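Which chain is which? The protein sequence lines are A and B, in order. Position 72 of the first sequence, counting from 1, maps to 72 under my numbering, and the rest follow consecutively. Just remember that my numbering sits 1000 ahead of the position in the second sequence, which is counted from 1. What follows is one structure encoded as structure tokens, with my remarks underneath.
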Amino acid sequence: MGKYVLKRVLQLIPVLIGITFLTFLMMHAAGSDAITEMYSNKGAVSQEIIDAKRAELGLDKPFLVQYFTWLGGILTGDMGVSYVSGKNVFDTFISKLPATLLLTLLSIVATVIISIPLGILMAVKQNKFTDYILRVLSFVGNSLPNFFVALVLMEIFAIKLGWLPVISAGTSVESAIMPTLTLAIAMSAKYMRQVRAAVLEELNKDYVVGAKARGISHKVVLWKSVLRCAMVTIITLLAISIGSLLGGTAIIESIFMWDGVGKLAVDAITMRDYPLIEAYVVWLAIIYVIVNLIADLLYHALDPRIRIEEEH
Amino acid sequence: MKKKITLVVAIMMIAVMVVGCGCQNSSTNANKEMTIGDTTFNAENWEETVNPHNTYNGWACIRYGVGETLVHYTDDMKLEPWLADKWENDGANKWTITLHNGIKFSSGRDMDANAVKECFEHLLATHDRAPSDTKIASMEANGNVLTITTSEPNPALMNYLGDPYACIIDMAASNMETGVVAGTGPYVVQEMVTDDHLTLAPNKTYWNGTPKLSKLTIKTISDGDTLSAALQSGDIDAAYGMAYESYPNFENSKYQFSSIQTSRAFFASMNMTSPVIQDKAVREAVAYGINKEGFVKTLLSGHGVAGNGAFPDGFSDFGGDKVTTAKKYDANKAKQTLEAAGWVDSDGDGIREKNGQKLVIRWLTYPSRQELPLLAESVQASLKDIGIEVEVNNTANRRQFLKDMGSWDIYASALVTAPSGDPQYFFTTSCVPGNDYNFGAYDNPEVTKMVEDLSKEFDSSKRAKLAVDLQNKILEDDAYVFCSFLQMNMISKSNVKNYTAHACDYYEVTADLDIE
Chain A
1 MGKYVLKRVL
11 QLIPVLIGIT
21 FLTFLMMHAA
31 GSDAITEMYS
41 NKGAVSQEII
51 DAKRAELGLD
61 KPFLVQYFTW
71 LGGILTGDMG
81 VSYVSGKNVF
91 DTFISKLPAT
101 LLLTLLSIVA
111 TVIISIPLGI
121 LMAVKQNKFT
131 DYILRVLSFV
141 GNSLPNFFVA
151 LVLMEIFAIK
161 LGWLPVISAG
171 TSVESAIMPT
181 LTLAIAMSAK
191 YMRQVRAAVL
201 EELNKDYVVG
211 AKARGISHKV
221 VLWKSVLRCA
231 MVTIITLLAI
241 SIGSLLGGTA
251 IIESIFMWDG
261 VGKLAVDAIT
271 MRDYPLIEAY
281 VVWLAIIYVI
291 VNLIADLLYH
301 ALDPRIRIEE
311 EH
Chain B
1001 MKKKITLVVA
1011 IMMIAVMVVG
1021 CGCQNSSTNA
1031 NKEMTIGDTT
1041 FNAENWEETV
1051 NPHNTYNGWA
1061 CIRYGVGETL
1071 VHYTDDMKLE
1081 PWLADKWEND
1091 GANKWTITLH
1101 NGIKFSSGRD
1111 MDANAVKECF
1121 EHLLATHDRA
1131 PSDTKIASME
1141 ANGNVLTITT
1151 SEPNPALMNY
1161 LGDPYACIID
1171 MAASNMETGV
1181 VAGTGPYVVQ
1191 EMVTDDHLTL
1201 APNKTYWNGT
1211 PKLSKLTIKT
1221 ISDGDTLSAA
1231 LQSGDIDAAY
1241 GMAYESYPNF
1251 ENSKYQFSSI
1261 QTSRAFFASM
1271 NMTSPVIQDK
1281 AVREAVAYGI
1291 NKEGFVKTLL
1301 SGHGVAGNGA
1311 FPDGFSDFGG
1321 DKVTTAKKYD
1331 ANKAKQTLEA
1341 AGWVDSDGDG
1351 IREKNGQKLV
1361 IRWLTYPSRQ
1371 ELPLLAESVQ
1381 ASLKDIGIEV
1391 EVNNTANRRQ
1401 FLKDMGSWDI
1411 YASALVTAPS
1421 GDPQYFFTTS
1431 CVPGNDYNFG
1441 AYDNPEVTKM
1451 VEDLSKEFDS
1461 SKRAKLAVDL
1471 QNKILEDDAY
1481 VFCSFLQMNM
1491 ISKSNVKNYT
1501 AHACDYYEVT
1511 ADLDIE
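Structure representation (structure tokens):
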């Protein structure tokens, strides 16, 4: 087990080098940089000033030199400073992380609370009225883009009813309700169908028929056997969701002014703030690898029939 | 025992009533809080603090009433005294500026010439544009008189000292690391969280009136839909940077608009190296063929002003209304001009040809100013009517294309043509060969000479005349077409007072800002 975990963590190194290099390459291919963006938005200045500013940030150097300078910094624990604010990238990133972590946690909890019971209900009531209604609702929920759901919630709960604030006042519970709901609605719509499919698949397996034939009640079979097996699928889905949520739900964070890493990344991309963008990319890569590793370990714990690699 | 309990309860009740009364009184006197939603106070706009010496942070410093400058722009962009009472120039490099008496920084320190000198010294050492704009070589402080010597004659010095970067701050009390500075404005920074909010409290020692609000919050809202929803829901009391499409939500008695014409021009620069543009008839036809009024009325829903010259009509003493050579929209005249030059539609496809070459113009523009793609659409339609095909290249990477002079014919951009109220800036940067914003390589020796004369002329009426002559000249050459000027709108709830738009876009928060 320990060797397996170590191996997976070591796999992270080439992944990180690969994606940071590709990100750098793509940003340069975009044909603009932080200095160009700054002066083109605000006013005319002489080319000498632009050149001097670019040289100050090292943007005048060849692409590979810029990349390896950055990589060298990372290896010595220095993520550099933001081109825009001049502040330490690591500190800036860490300061925004709690807000994203909170939003991720709340969204996952809300999604689990909504989608698992409804998904099970859909499976149990397969092809009945309840199933049809919930399937239609999940279809609608799946079709709506996040930003649209956000605007609808704002219109209802903030503008018409006046119950909730449009903009976040820090990371308060009141401010978190609408962004959480926005994310949970979209995710639940997707997972209800997945949970339904996973539960139905298990319900049709021989062991369920056998258990019922032995006189074990439907409830016991459902809660003790079927759900446990179906959880493997559900955990995979949740793992992927946690990964993307921890990367920051950029649009939602921007719409509700939720001061997390997603919004930070969007702003950094707009301003071509390379050190911040790279920090975000590194964070995303680490999160995906770790979350997937945890999911793999959980599969094994939930269903011992699944062996982790070293046990083959 | 019972009596004791009764006594204690009675004392507690009286105490609660007294405290309660006290709180009520203080809240009645001081509870005037207001929140402004603003799309610009963020790192995305290079305005992450209120330190005026850092890139464009000065806009936040002056906009939110933290800092003030020596001179103030009127709404027709003329200079008037502010922290300085008067200024004189010796006709060459020496300026004598007399400061207003009795002004204190919010830190409590007197704002004298020495404090101003310290502030400018730091500005010149750290700011990217200030040294070349102001050309300050040395300064001397004596009581309330500051003497500035420039490295070369700089008639526009005082205009530049009205730029947000020239906000006067107390260097001893300002924290340049965090970006929280002590200025002379009606408000002081209480809390600042970049990209989230700025909380301001009244400056109790303010010299020019009494700030009306007990607390003012500038809330950063980058998303246009969120800004609109926040104003409708009452989360904010006023909004800066509302998108045009949201205006209908506020065109009712619950809200008010403050609108003003600015010198942000949306204009086309001709690429003088392009063979098709080198044909004077084509340039002239384009100038006649762009329906400026139609663009403003239809695509901008009236939220703009059609352009005439490089500056808006009525602007200072050199506005577009004084220009005589600008071409008004006249499709027939455009057609006649092209026909006379040999551009005719011989194959009946609606596009003119000459010597087998179709009349196609490559129009380069960019999307970050919402008006520019709309202008491209408008031009495409109106020039098609006169037989010119317009191929639009609307790209964020326009600088890449601008470098390749063979890849475009006309470049449409947005520029504040007189940010400091002085005309020289536009002509120097955009009309002199080799200069940074002369994208189309326009080169008229007569114009270059006039720009040089302008840079040495101190007499304001002569400067104005030169500015008008220059506009006439560049429009005679059809090197530029000034299509429209931005009309800035600030929206607030009807109970907000004095949330007023200014032509220079600098003074959003003043001591008069109030809420009922």
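Note that beta-carbon positions come from the ideal geometry of N, C-alpha and C, so glycine has one too. This structure is a prediction, so every number in the text was calculated from the model and none was measured.
Between A:A158 and chain B, the shortest Cβ-Cβ separation is below 8 Å.
The DSSP-derived three-state label of A:K219 is helix. The continuous beta strand (DSSP E) containing B:V1392 extends over residues 1389-1394.
In the displayed model, B:F1482 falls within a strand according to three-state DSSP. Of the candidates A:L183, A:I49, A:K219, the residue whose Cα lies closest to the Cα of A:L153 is A:L183. In the structure shown, B:W1059 adopts helical secondary structure according to DSSP, grouped into three states. The Cβ neighbour count for B:V1189, taken over all protein chains shown within 10 Å, is at least 16; the residue is labelled buried. Using a 10 angstroms sphere on the CB of B:N1495, the tally of other CB atoms stays under 16, which defines it as exposed.
B:K1456 has its alpha-carbon roughly 32 Å from the corresponding atom of B:E1284. B:I1260 does not reach chain A, its nearest Cβ partner there being about 19 Å away, counting only Cβ pairs nearer than 7 Å. Going by C-alpha positions, B:G1102 is about 14 Å away from B:N1114.
Proximity of the region 74-90 of chain A to the region 1038-1056 of chain B meets the contact definition, three or more beta-carbon pairs being nearer than 8 Å.
According to the DSSP assignment, B:V1282 belongs to the alpha helix (DSSP H) that extends over 1280-1289. Taking the CA atoms as reference points, B:D1110 sits about 16 Å from B:D1085. A distance below 8 Å separates the beta carbons of B:K1497 and B:E1516.
Cα atoms of B:S1151 and A:A34: separation of roughly 31 Å, rounded to the nearest angstrom. Proximity of B:A1043 to chain A, defined by a Cβ-Cβ separation below 8 Å, is satisfied. Taking a Cβ-Cβ cut-off of 7 Å, the neighbours of A:D259 in chain B comprise D1195, D1196, given in sequence order. In the DSSP assignment, B:N1042 forms no beta bridge with any residue. The three-state reading of DSSP puts B:M1158 in helix, counting H, G and I together.
Distance from A:T69 to A:G58 at the Cβ level is roughly 6 Å; contact confirmed, criterion being Cβ atoms closer than 8 Å. Here A:I167 carries a coil assignment [DSSP, helix/strand/coil].
When C-beta distances to chain A are compared with 8 Å, the residues of the region 1225-1236 of chain B below that value are D1225, T1226, A1229, A1230, Q1232, S1233, G1234, D1235, I1236, in chain order. For B:Q1261, the enclosing beta strand (DSSP E) begins and ends at 1255-1270. Contiguous alpha helix (DSSP H) elements confined to the region 28-103 of chain A occur at 34-42, 47-56, 63-75, taking only those with 4 or more residues. Counting C-beta atoms within 10 angstroms of its own C-beta, B:A1172 has fewer than 16 neighbours from the protein chains shown and is therefore classed as exposed. When DSSP reads this structure, B:V1071 sits in a beta bridge with B:P1081. Annotation: Cβ neighbours of B:K1219 in chain A (cutoff 8 Å, chain order): I167, M257. When DSSP states are grouped into helix, strand and coil, A:R214 belongs to the coil group. A contact between stretches requires three or more CB pairs, one per stretch, nearer than 8 Å, and the region 1253-1264 of chain B fails this requirement with the region 188-202 of chain A.
Contact check for B:Y1366 and B:L1372: beta-carbon distance about 6 Å, within the 8 Å limit, so the pair qualifies.
Assignment of beta-bridge partners to B:M1192 by DSSP yields B:L1198. The C-beta of A:M26 comes no closer than 8 Å to any C-beta of chain B.
Here the region 1268-1288 of chain B lies against the region 1468-1482 of chain B, with 3 or more beta-carbon pairs under 8 Å apart. Bounds of the beta strand (DSSP E) holding B:I1410 are 1410-1416. In the structure shown, B:I1168 falls within a coil segment according to DSSP collapsed to helix, strand and coil.
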